[in-house]
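If you read the sequence shown in this note's numbering, its first letter stands for residue 375, the second for the next number, and so on. Heads up: the structure comes next, in C-alpha cells.
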Amino acid sequence: MTVVGIHDLSIATASRFLDLALLAERAGIDPDKYRIGLGQDQMSVPAPDEDIVTMAAAAAMPIVERHGASGIRTVLFATESGVDQSKSAAVFVHELLGLDPATRVVELKQACYSATAALQFALGIVARQPEESVLVIAADVARYAVDTAAEPTQGAGAVAMLVTQDPAIAEVEPATGIHTADVDDFWRPNDSDTAVVNGKLSIDAYLDAFVGAWDDYRARGGAAIESIDYFCHHQPFTRMAVKAHQRLAVHTGAALTPAQMESTTRYNRRLGNSYTASLYFALAALLDGEDDLTDRRVGMYSYGSGSIGEFFSLRIRPGYRTALRTEATKRILDSREPLDVDAYRALHAAHSASSEVDREIAPTSPAPFHFIGVQGRARRYARTDA
Ligand code: CAA
C-alpha cells in the first residue's frame, strides 16, 4: 500500500507579540493565572498589513522554494477567520506564490478543526493520484473582545504542510475516530469581528468530543493506547492540552505521563491560539523538541467548536530530522517585536473587516507578503521581496 503523509511542514506568525504578564498587570490579575492557569506566556498580534493570507503565503513559501511548485495540483486552505465570504483565501496565496493556473484551490471551514479535514482530503487525493502533491495550509487570527476572560487566549499563526506519497516526516495512519455534536460553545456570527464564546461549555464540549472520537478511533481499528508514544492535542491555550491528556488517562485507565505531551506546548505558549493551525504547531514543537522520534507513533486530537473532534495517528519516518525547519521556526518566533498593552489595544481597535471605503495600508511588517488595502470592495495583496 502507498504510504502517504506529511512531507514538509513550515510555519509563520504575526510580526508582533504581547507578553501576557503585561496584560495581567493592566487587568490587575495575578500573572500566574495566565502563565500557569492557562499555560500561556505571550500572544502573537498581527500588524495592519498582516492577516491569514500573508501568514499563509509566508508559511508556504519555503515549501515551494524547497520542492518547486510543479507537483502541487491542489491547495486546501483551512481557516475560521476568512477574509471573504465567497472567494477562497487560497486564491490569494496561489497568486502570491506564483503557482500554476492548473491548480485546484479551495477554503475549508469548521472552527479549529478544518485543517484536519483538509489533511484527510489531501491524503485521499494523493492516494488516488500518487504523482500529485497537495499543499495544506492552516492559518488563523484568534480575536476576542477586550476585557473578557477570553482576551488572553488570542493569537495568530499559520502552518503549511506538503502532503505526498512516501513522505519525509510522517505517515498518517488510516484509522481515524470522529465525534460530531451540535453545541453552541464558540462561534463567530457573520456580522461580528470577534468570536462569541461560552468558555466553560467549550472546555466540556472539547473533552466530550475527545472521548467520543477516541472511542470511535478504537472501534475502527485504531492503535491501543499503550502503543501511542506521544500526543498532540488541540491547544486553544496549552493547559487545555493537559486537561485533555488527563481525561484520556482517566477514560482509558492508562498511565499516561506528562512527558508524552509536554514538548508539544512550546510554540503555542508563545503564539497563543492559532485555531486551525494550533494542532500542527503542537506537532512542529514535538518534532523540533524531541531528540529522536523515528518510528514513534503520535496521537493527534483535533477539535473544532460547534463541534467536531477527530483522533488519528502519525508514524514518524526514519530520517525525518533532515526535513525539519527548527532554526527557521526559532528565528521567526524570536524576531517578533514586543508590544505594550496600549499598542496592542490600538491594533485591536483599528482592525476592520469593512470593505465599504477604499483604503491603502502601508506594507510595514518585515514579512514578504502584505495586505495593502481595499479597492472597489476587493482586498489587495502584494509581495515586496519579488
Ligand atoms: N495561579 C495559577 N492558576 C490560576 C490562578 C493563579 N493565580 N488563578 C486562576 N488560575 C487557574 C484556575 O484555577 C483555572 O484552572 P483550572 O481550569 O485548572 O481550574 C484557570 O486558571 C483558568 O481560570 P478560570 O477557570 O477562572 O477561567 P477564566 O474565567 O479566566 O476563563 C477560559 C478561562 C474559559 C479558557 C477563557 O479564557 C475562554 O473563554 N477562552 C476562550 C475559549 C477557549 O479557549 N475554549 C477552549 C475549548 S474550545 C476550543 O478548543 C476551540 C478553540 O480553539 C476556541
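In this text, a Cβ means the ideal position worked out from N, Cα and C, and glycines have one as well.
- Item | Boundaries (first-last residue) of the alpha helix (DSSP H) holding Y580 | G573 to A593
- According to DSSP, what are the bridge partners of D514? G531
- Message: Counting beta carbon pairs with one atom in the segment 654-671 and one in the segment 688-707, are three or more of them shorter than 8 Å?
- Response: yes
- Taking only the alpha-carbon atoms, compute the straight-line gap between P541 and F495 and give it to the nearest angstrom. 16 Å
- Message: Under 7 Å: does the beta carbon of C606 sit that close to some heavy atom of the ligand CAA?
- Response: no
- Task: Return yes when the Cβ of E684 is within less than 8 Å of the Cβ of T453, no when it is not.
- Result: no
- Message: Any heavy atom of the ligand CAA inside 7 Å of the beta-carbon of F466?
- Response: no
- Start-to-end residues for the alpha helix (DSSP H) that takes in P436: I426 to H441
- Message: Within the continuous alpha helix (DSSP H) that includes L497, where are the two ends?
- Response: S488 to R502
- Do T639 and A659 have their CB atoms nearer than 8 Å? yes
- Just to check, is the beta-carbon of G573 closer than 7 Å to a non-hydrogen atom of the ligand CAA? yes
- Item | the segment 429-438 / the segment 464-476 touching (three or more Cβ pairs under 8 Å) | yes
- Query: When we look at the beta-carbon of P712 and count the other beta-carbons within 10 Å, is it buried (16 or more) or exposed?
  - Reply: exposed
- Burial state of A752, where buried means 16 or more other Cβ atoms lie within 10 Å: exposed
- Excluding sequence positions up to five away, which residues of its chain have a Cβ less than 7 Å from the Cβ of P420? A388, V515 and A530
- For the beta strand (DSSP E) holding Y641, just list the boundary residues, first then last. Looking at the DSSP string, Y641 is not in any beta strand (DSSP E), and its letter there is neither H nor E.
- Task: Note down, one range per segment and in chain order, each beta strand (DSSP E) of at least 3 residues found wholly within the segment 695-732.
- Result: 711-713
- Message: Do Q414 and R643 count as a contact pair if the criterion is CB distance below 8 Å?
- Response: yes
- Query: Would you say I380 touches the ligand CAA, meaning its beta carbon is less than 7 Å from a heavy atom?
  - Reply: no
- Message: Let's test the definition: count the other Cβ atoms within 10 Å of the Cβ of V479 and tell me whether it reaches 16, buried, or not, exposed.
- Response: buried
- Query: Any heavy atom of the ligand CAA closer than 7 Å to the Cβ of L622?
  - Reply: no
- Message: Determine, for Q609, whether the minimum Cβ-Cβ distance to residues of chain B falls below 8 Å.
- Response: Looking for chain B here will not work: only one protein chain is present.
- Message: So, under 8 Å CB-CB, L412 and R613 are touching, yes? Tell me the CB distance rounded to an integer number of Å.
- Response: 5 Å
- State yes or no: is the C-beta of K407 nearer than 7 Å to some heavy atom of the ligand CAA? yes
- Message: Taking 6 Å as the limit between beta carbons, can you name the residues of its chain near A623, skipping five residues before and five after?
- Response: L630
- Message: Whole angstroms are fine: how far does the CA of L397 sit from the CA of D406?
- Response: 12 Å
- Per DSSP, I682 is paired with what? T554 and G678
- Task: Answer with buried or exposed for A544, where buried requires no fewer than 16 other C-beta atoms within 10 angstroms of its C-beta.
- Result: buried
- Query: For A523, is the beta carbon positioned less than 7 Å from some heavy atom of the ligand CAA?
  - Reply: yes
- Query: Taking the continuous alpha helix (DSSP H) assigned at T626, which residues delimit it?
  - Reply: T612 to T626
- Count the other CB atoms, across all protein chains shown, that sit within 10 Å of the CB of D425; report buried if there are 16 or more and exposed otherwise. buried
- Item | the ligand MG heavy atom lying under 7 Å from the CB of I426 | As far as ligands go, the structure on display features the ligand CAA and does not contain the ligand MG.
- Query: Is the segment 499-510 in contact with the segment 440-455, if contact means three or more CB pairs nearer than 8 Å?
  - Reply: yes
- Member of D589, T626 and Q620 whose CA lies at the smallest distance from the CA of E600: T626
- Exposed or buried, E701, counting other C-beta atoms within 10 Å across all chains shown (16 or more means buried)? exposed
- Message: Measuring only from the beta carbon, is A485 closer than 7 Å to any heavy atom that is part of the ligand CAA?
- Response: yes
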